[in-house]
DNA sequence: CTGAAAGCGCTTACAG
DNA sequence: CTGAAAGCGCTTACAG
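Chains as they are written, first to last, in full-length UniProt numbering: chain R, 1 to 347; chain S, 1 to 347.
Next up, the structure:
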């Protein structure tokens, strides 16, 4: 009666349950799979035995038989940063929401950090570890794209988080970065800013950042202004890169009254450097970030930022991937960001 | 020859490799398991076939046979915070290092967010999804402890991150919080501070925070001072809790010249509130945090903090858990923290 | 509604 | 050093 207390020497199998409930092992399996073809009373007996012996279906046996893993894999790409303490908080927030979305959909989540250069391809799906892949992370898109094409060719189920564009291999879920950039640009124009610097790569290698830049430019043009190439400085998404980019911008000696940073991390690093240089935020320079990470709220001054809804994004990524796994039609989607105005741009 | 290009209609099995290499399926398995009992030439032929067909061992079949999953599970506990964007950056940094440590040891990592109240227990190991569990997160330790005891009773393999103390159920890896608190206390004393407030729970329900408090107190006593209970305010590890705790402290109207926060998040929130109240940091109040998250460095002013080495912690957690899984002896370990001095305490 | 049986793709004694 | 065979614990047609 208390045998579940024995220090798991012998695994409890569906056969044990079958004996205890006085049915066949097949019936036990049916009950646990929720088959409707089981008598209510039989079901009750089996469920009781399952509870009493604390039985859990063996995932490997089940997966081997059904050829489905019930697991998704999240591959997080990071470029150079090997330092654990500097993982991009935006991606970590995504990780949280993806984890929860997986749980809601009854799937487990394998998490793995990858170098973009690695030879990962469809390893997870090939070895049946996961039914599909979620790809997340920045990195040179040009290098990335050929890998995506390869995944498509192999028939791997995957969804990518990133800039959504025509003709991309596979399916992408992403923020409408063009709209997000426009939100930032329009806001700065309204606040009377005319010379907006952009900190972040603005090339097709980094399509998300590029779209933010272009969106901001479009908004300025509506007002008869424009982004100035001489006020753009490359930066990847780290605080240190933000510091460096702001310093490089200052070194150029050109006037500017606003900074639109491609990410919150860049913005926070930039604010640090700008204040160091004796500039007042927002009086001398208005600063707007992107992502809506929690640190924006506690930055000094609190950072105006374009917020991406990571909860919705995670749910959509998982949902879309599961559609692909089930061979159902699915499509790329862009999520609309929202501007959160705080003191860094004049409140 | 190019059949690997076919959109994975039929799975490639070890039998396919066997045919192609002209050996038995058992030999293929031996080669892939790295068995030394294989002729070099035979091994070469098999490896070539594996490469040509891009074969990957089916993890479920393998695990079913060996009764080992090759996977560890990370259970992250969060208390109230359901909001993805507010996941504790310290734990996320740990997640990064654990992921990497798993990869180094050839294991996959399942990640799951749990409520402390949930009925998780040994579910992962019972269903063979994981060989062992890593438990990470804050929460009321008293509620936690009985669950740990239950895991031990069930013979589940697990390692917990947290305060290391005598007589705890199972094995724990943690920071030497007492030493960390002493580092902070000694530093503040050296800077001439006499009335140190503590923001964070300081009870046996939160043993990590409590040990930090006690360590700081011990350091003050070495200098003929002491922590004052009236300068302690409860707070869990969020920025908002830091804001609230600092405001509560200010409302008491008692003098204090330093704040030791139980975590960086609390410290950053507290600095926010203190500045709001017109206090200068560090002139009026020195602030020291705990964790060594990357945001400490870019806080305003940059935050002095007790740094925990998350890389080492992740490696040790994984290593220790794998020892348990292999039924090898293992023991609890405390890691020594390091003080990183920045401007918030006078530089 | 239920049971007997096949088989998912491996690993590993066992025999040679 | 290699092969034939058993069996890990399920799920699911098939037959009743």
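C-beta atoms are modelled at their ideal positions from N, C-alpha and C, and glycine is treated no differently.
**Report entry** chain R contact for residue 247 of chain S (CB, 9 Å cutoff)
**Finding:** Not one chain R Cβ lies under 9 Å of residue 247 of chain S.
Query - Through-space distance from residue 140 of chain S to residue 329 of chain S, alpha-carbon basis - result: So the alpha carbons of these two residues sit roughly 29 Å apart.
Query raised in the report: Are any of the Cβ atoms in chain S nearer than 9 Å to that of residue 345 of chain R?
Result: Not closer than 9 Å to any Cβ of chain S, the Cβ of residue 345 of chain R fails to qualify, so no.
**Report entry** Reduced DSSP secondary structure (H/G/I, E/B, other) of residue 317 of chain R
**Finding:** Note: residue 317 of chain R maps to helix in three-state DSSP.
Report task. Could you please give me the residues that DSSP links to residue 291 of chain S through a beta bridge? Result -> According to DSSP, which records beta bridges pairwise, residue 291 of chain S is partnered with S:307.
**Report entry** Rounded C-alpha distance that separates residue 176 of chain S from residue 313 of chain S
**Finding:** Taking the straight line from one Cα to the other gives about 12 Å.
Query - Three-state secondary structure assigned by DSSP to residue 241 of chain S - result: Helix, per DSSP.
Query - Exposure of residue 163 of chain S, with buried meaning 16 or more beta-carbon neighbours within 10 Å - result: Buried.
Query raised in the report: residue 337 of chain R: buried (16+ other C-beta within 10 angstroms of its C-beta) or exposed?
Result: Residue 337 of chain R comes out buried.
Query raised in the report: If you measure beta-carbon to beta-carbon, which residues of the segment 124-151 of chain S are closer than 7 Å to chain R?
Result: Result list: 126, 127, 128 and 129.
Query raised in the report: In chain R, what lies closer than 9 Å to residue 269 of chain S by C-beta?
Result: Those are 298, listed as they occur along chain R.
Requested in this report: In the DSSP assignment, find the unbroken alpha helix (DSSP H) run with residue 123 of chain S in it and report its ends.
Outcome: Residue 123 of chain S -> alpha helix (DSSP H) spans 123-126.
Requested in this report: Could you tell me which of R:238, R:142 and R:227 sits nearest to residue 206 of chain R, measuring between CA atoms?
Outcome: Selected option, being the one with the closest Cα: R:142.
Report task. Using a Cβ cut-off of 9 Å (strictly closer), state whether residue 3 of chain R contacts chain S. Result -> Interpretation of residue 3 of chain R is limited by its pLDDT of 34, a score under 50 that renders its predicted location unreliable; the figure taken from the coordinates is listed afterwards. For residue 3 of chain R, the answer is no, since every Cβ of chain S falls outside 9 Å of its Cβ.
Query - Secondary structure of residue 18 of chain S, DSSP reduced to three states - result: Annotated three-state conformation of residue 18 of chain S is helix, per DSSP.
Report task. Determine the contact status of residue 149 of chain S and residue 184 of chain S, defining contact as a CB-CB distance below 9 Å. Result -> No, Cβ-Cβ distance for residue 149 of chain S and residue 184 of chain S is not below 9 Å.
Requested in this report: Report all residues from its chain with a CB closer than 7 Å to the CB of residue 322 of chain R; omit the five preceding and five following residues, and keep chain order.
Outcome: Same-chain partners within the cutoff: 105.
Query raised in the report: Which residues, in order along the UniProt domain "HTH lacI-type" (12-66) of chain R, keep a beta-carbon less than 9 Å from a beta-carbon of chain S?
Result: Here the close residues are 12, 54, 55, 56, 57, 58, 59, 60, 61, 62, 63, 64 and 65.
Query - Runs of alpha helix (DSSP H) lying entirely within the segment 175-204 of chain S, each at least 4 residues, in chain order - result: Segments of the alpha helix (DSSP H) lying fully in the segment 175-204 of chain S: 177-190.
Query raised in the report: Just checking my contact of residue 242 of chain S with residue 266 of chain S at CB under 8 Å: how many whole Å lie between their CB atoms?
Result: That pair is a contact at about 4 Å.
Query raised in the report: Looking at the unbroken beta strand (DSSP E) that takes in residue 369 of chain R, where does it start and where does it end?
Result: This structure does not reach residue 369 of chain R, given that chain R is present from 1 up to 347, and the question cannot be answered.
Report task. Within the same chain, show all residues whose beta-carbon is closer than 7 Å to that of residue 1 of chain S, passing over the 5 residues directly before and after it, in chain order. Result -> Because the pLDDT at residue 1 of chain S is just 31, under 50, the model does not fix this residue reliably, and the point stays unresolved.
Requested in this report: Name, please, each residue of chain R whose Cβ falls closer than 8 Å to the Cβ of residue 272 of chain S.
Outcome: Result: 298 and 300.
Requested in this report: Let me know if residue 237 of chain R comes out buried or exposed under the rule of 16 or more other beta-carbons within 10 Å of its beta-carbon.
Outcome: So residue 237 of chain R ends up on the buried side.
Report task. Please check if any C-beta of chain S sits within less than 9 Å of the C-beta of residue 111 of chain R. Result -> Look at residue 111 of chain R: its C-beta is under 9 Å from a C-beta on chain S.
Query raised in the report: Do residue 239 of chain S and residue 297 of chain R have their C-beta atoms closer together than 9 Å?
Result: Yes, Cβ-Cβ distance for residue 239 of chain S and residue 297 of chain R is below 9 Å.
Requested in this report: Round the Cβ separation of residue 17 of chain S and residue 64 of chain S to the nearest angstrom and send it over; I've been treating them as touching at under 8 Å.
Outcome: Incorrect: roughly 19 Å between the Cβ atoms, too far for contact.
**Report entry** the segment 91-105 of chain R: positions lying closer than 7 Å to chain S by Cβ
**Finding:** So the close ones are 92, 93, 96, 97, 99, 100 and 103.
**Report entry** As assigned by DSSP and simplified to three states, the class of residue 280 of chain S
**Finding:** In the structure shown, the three-state DSSP call for residue 280 of chain S is coil.
Query raised in the report: Checking contacts by CB at 9 Å: is residue 337 of chain R closer than that to chain S?
Result: So, not an interface residue.
Report task. Assign residue 349 of chain S to one of two classes, buried (16 or more other C-beta atoms within 10 Å of its C-beta) or exposed (fewer than that). Result -> Lying before the first or after the last residue shown, residue 349 of chain S is absent from chain S, which here runs from 1 to 347.
Query raised in the report: In whole angstroms, what is the alpha-carbon distance linking residue 228 of chain S and residue 47 of chain R?
Result: Our two residues, residue 228 of chain S and residue 47 of chain R, have alpha carbons roughly 56 Å apart in a direct line.
**Report entry** Given residue 78 of chain S as reference, the closest of S:347, S:71, S:285 and S:88 once Cα atoms are compared
**Finding:** Ranking S:347, S:71, S:285 and S:88 by Cα distance to residue 78 of chain S puts S:88 first.
Query - Euclidean distance between Cα positions of residue 224 of chain S and residue 346 of chain S - result: About 22 Å.
Query raised in the report: Hey, how far is the Cα of residue 209 of chain R from the Cα of residue 342 of chain S?
Result: Roughly 32 Å separates the two Cα atoms.
Query raised in the report: With 16 as the cutoff for other CB atoms within 10 Å, does residue 66 of chain R come out buried or exposed?
Result: Only exposed fits residue 66 of chain R, as fewer than 16 other CB atoms lie within 10 angstroms of its CB.
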